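Just add 3 to the spot in the sequence shown (first one is 1) and you have our numbering.
The block underneath contains the structure these notes are about, expressed in structure tokens.
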Amino acid sequence: MGKILAISTLMMLLVSCNAPEECNTGNTKQAQTSSCSTDSTSPPNEDTTPPIIDVGDVPSEAHLFNANVSLTNFNASQEEKVLRAIEMIKKIIRTKEFKERVINFTYNGQKRFVDNKGLSNEEIYQILIDGAETLLPEIDNEMDLDLELYTSNFTSTVGYTYPNVLRIWMNTKYFNAYSIAQVAGNVFHEWTHKLGFDHASSYSKSRDSSVPYGLGYIMVDLIDAELANPNSN
């Protein structure tokens with residue numbers, strides 16, 4: 004039986020298929036609209052990666068970034084875990100480090116994501132901050148999340164979603180074992196599907212550099228670093 008909780012939080016200052024969709028942050032695979040893999044893209048023979056540049060301060064909208072959350076089939080401890088992961092996503096989005104990682108993201112020596120819909124890194128960053136999902140196209144600077152837990156012990160699918168619904172399904176087989184950072188990466192990965200981004204349904208060399216995978220992994224990295232050094236900022 005589903006328990007639904009609607010939560011809306013405001014941050015004034017301020018990553019399926021698998022684990023960043025997570026489709027994958029935890030070396031697992033996902034399905035449907037989001038699929039994942041842990042293989043990383045091989046670096047080019049010659050270092051042609053553009054230099055990291057200072058992208059300046061984060062926009063004011065990032066400091067207002069919020070989340071509107073509906074939860075189904077979460078018990079008390081699972082609810083606490085996912086809400087903490089979402090709070091960490093909001094905290095990371097307001098940081099200059101997140102902006103720099105997104106804008107300076109490279110694939111094969113070029114500043115771009117795979118499956119980027121023809122958008123620059125700067126444009127993708129702005130789409131994230133705008134928070135306008137395909138099904139809820141208003142710019143509101145928030146993640147609209149409809150999350151449901153389910154259990155499937157005989158699959159490598161961490162989570163999945165469909166293009167015609169807001170709901171994201173997350174497998175307890177992985178959710179219960181994941182760290183806060185991995186849960187956040189999975190949620191963020193899946194949410195980028197709600198923004199209209201996709202990736203290959205089966206493994207390919209470039210899939211880890213797609214928008215959902217790349218952003219999911221960035222979120223995991225930055226949350227892990229933040230939790231390891233909570234007083235660094």
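We put the CB at the ideal spot given by N, CA and C, even for glycine.
In this text, all values refer to a predicted model and were calculated from it rather than measured experimentally.
Item                                                                                                                                                                                        : Value
Using only the alpha-carbon positions, how far apart do glycine 188 and leucine 67 sit?                                                                                                     : 20 Å
Might you give, ordered along the chain, the residues of its own chain that have their beta carbon closer than 6 Å to the beta carbon of threonine 137, omitting 5 neighbours on each side? : Gly199
Ignore the nearest five residues each way along the sequence and tell me which others in glutamate 100's own chain have a CB closer than 7 Å to its CB.                                     : Leu225
Quick check on DSSP: helix, strand or coil for asparagine 71?                                                                                                                               : strand
Just to check my reading of the structure: isoleucine 106 and tyrosine 128 have Cβ atoms closer than 8 Å, yes? What is that Cβ distance to the nearest angstrom?                            : 6 Å
Do valine 214 and threonine 77 come within 8 Å of each other at the CB atom, strictly closer than that value?                                                                               : This sequence places phenylalanine at residue 77; threonine is not what is there. The answer is no: Cβ separation not under 8 Å.
Does the pairing of the stretch 160 to 168 with the stretch 192 to 210 give three or more beta-carbon distances under 8 Å?                                                                  : yes
Enumerate in chain order the residues of its own chain whose CB-to-CB distance from glycine 121 is below 6 Å, with the five nearest sequence positions on each side excluded.               : none
Going straight from the alpha carbon of isoleucine 130 to that of leucine 148, what length do you get?                                                                                      : 16 Å
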